[in-house]
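Protein chains: 2
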Amino acid sequence: MASENPHPAADLPPTLLDLSTYLLSRVGKTARGRFAERLAERGLRLWDMAVLAALADFGPQAQRDLAARLAIDPSDLAKVADQLAAAGYVQRARDQADRRRVSVSVTEAGRALLAELDAQARAVQDEVLAPLDAGERQVLQELLLRVHRGMGERRGGP
Amino acid sequence: MASENPHPAADLPPTLLDLSTYLLSRVGKTARGRFAERLAERGLRLWDMAVLAALADFGPQAQRDLAARLAIDPSDLAKVADQLAAAGYVQRARDQADRRRVSVSVTEAGRALLAELDAQARAVQDEVLAPLDAGERQVLQELLLRVHRGMGERRGGP
DNA sequence: GTAATTAGTGGGTTGGTACCCACTATAGGC
DNA sequence: GCCTATAGTGGGTACCAACCCACTAATTAC
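Same order as they appear, the protein sequences are chains H and F. Taking numbering that gives the first Met the number 0, the leading residue of the first sequence gets 0, the next gets one more, and so forth. Taking numbering that gives the first Met the number 0, the leading residue of the second sequence gets 0, the next gets one more, and so forth.
Below is the structure:
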């Protein structure tokens, strides 16, 4: 999974480097990739963390609501939840009021894992944002947050 | 190819939104996706533009050098070049000094196409960066550029 | 009760990317 | 001339993400 550098380095055309969207896409992909690598070492995927985060932040929820919130296909969420439950990071229980629903909640182990993953994510972030000082990182975060809020939440990854 | 919004909107866990790398990845993916959509309408892919840009910026080159520069597999580049040549956007000619090499150069049509694509890319960028004013976009561009330069150019997309 | 709706799940398909290998043609060392 | 290395190309494989459909179980509407 850890890919060495199969092709030599490159310096890219200014026409592309002048596009913020190009840089955004490239930097974003790299960051995502590096973090995904670390998750893979534990047999986890990005969605796993997204689900844990959503449960920790918003509390127990029915899978359907969780899927809507994360904009993931309910069928795919079922698979993620399955793995997480098998590993003991989440619990699933039939809702007694409406027994079709499965309420998912994060366990203590899940919270602990989330904290660890968050730390790892920040480690990767430090690596990626190394060229920026604390103030600049703050600025970047705020700009990105505003851009993100402005985007119609179509569909993305985790 | 144009995906409607198959799942309802979502508001995401603060734990994730607090990670710049998460935002980077998400915003980048969206931008990339939107631009790719437009390219797809013309039967083009992201690599096509990358190749045109490299040729326009750096002049005619052997495919091998072009592949190294863009960090794409030579075999994959061959396929891209093939399509571009068939459409008349690039020309391929055997290097007379070394007849193994194929020198690729962009045609007038290719330059015209690149200009159009660049305009479209900027249109998408305007859309994505809508929440930011001109000064903020400038700041973002510079921060991203520095981050990008700091990244070991492992491998990415186009 | 019957019909229509909803939640979850299993089993796929599709599209795109990165990657790799075998093969041909040419070049260069000696 | 012979041998090794290199440039390009064709034809794959592997992997992942997004998506979709069919099916079951439970609920609600009438």
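We treat Cβ as the ideally placed atom computed from N, Cα and C, and that holds for glycine. These numbers were taken from a predicted model, which means no experiment stands behind them.
Residue i to residue j span [Cα, whole Å]
i, j, result
"Pro171/F", "Asp72/F", "Beyond the ends of chain F as shown, which are 0 and 157, falls residue 171/F; an answer cannot be given."
"Leu116/H", "Ala30/H", "14 Å"
"Asp81/F", "Gly109/H", "50 Å"
"Asp64/F", "Leu45/H", "35 Å"
"Gly149/F", "Ala96/H", "54 Å"
"Arg33/H", "Ala92/F", "39 Å"
"Ala161/H", "Leu23/F", "A question about residue 161/H goes unanswered here, because the residues of chain H that appear run from 0 up to 157."
"Ala120/F", "Ala86/H", "44 Å"
"Ala49/H", "Gly134/F", "33 Å"
"Asp94/F", "Val103/F", "10 Å"
"Ser74/H", "Arg99/H", "15 Å"
"Glu43/F", "Ala118/F", "Glu is not the amino acid found at residue 43/F; the sequence shown has Leu there. If I take the Cα positions, the gap works out to 15 Å."
"Glu107/F", "Phe57/F", "15 Å"
"Ala122/H", "Thr20/H", "24 Å"
"Glu36/H", "Lys28/H", "12 Å"
"Leu16/H", "Pro59/H", "44 Å"
"Ala39/H", "Lys78/H", "17 Å"
"Glu126/H", "Arg41/F", "38 Å"
Three-state class that DSSP yields for residue i in the structure shown
i, result
"Ala35/H", "helix"
"Gln234/F", "Nothing about residue 234/F can be read from this structure; chain F reaches only from 0 to 157."
"Ala84/H", "helix"
"Ala67/F", "helix"
"Ala170/F", "Because chain F spans 0 through 157 in this model, residue 170/F falls outside it and cannot be assessed."
Beta-carbon proximity check, residue i vs residue j, cutoff 8 Å
i, j, result
"Val105/H", "Leu51/H", "yes"
"Ala61/H", "Val101/H", "yes"
"Leu11/F", "Asp47/F", "no"
"Leu142/F", "Leu131/F", "no"
"Leu69/F", "Ala53/F", "yes"
"Leu128/H", "Val26/F", "no"
"Ala55/F", "Leu113/F", "yes"
"Leu18/H", "Gln124/F", "yes"
Extent of the continuous beta strand (DSSP E) to which residue i belongs
i, result
"Arg136/H", "Run containing Arg136/H: none in the beta strand (DSSP E); it sits in the alpha helix (DSSP H), 133 to 149."
"Ala92/F", "89 to 93"
Run of the alpha helix (DSSP H) containing residue i, from where it starts to where it stops
i, result
"Thr14/F", "13 to 16"
Closer than 8 Å to chain H by CB, residue i
i, result
"Ala120/F", "yes"
"Thr106/F", "no"
"Asp117/F", "yes"
"Asp10/F", "yes"
"Glu40/F", "no"
"Gly109/F", "no"
"Glu36/F", "no"
"Arg63/F", "no"
C-beta neighbour in chain F for residue i, strict 8 Å
i, result
"Asp132/H", "no"
"Ser19/H", "yes"
"Val123/H", "yes"
"Met0/H", "Its pLDDT being 36, under 50, Met0/H is placed unreliably by the model, and the measurement read from it follows with that caveat. Not closer than 8 Å to any Cβ of chain F, the Cβ of Met0/H fails to qualify, so no."
"Asp56/H", "yes"
"Ser74/H", "no"
"Lys28/H", "yes"
"Leu112/H", "no"
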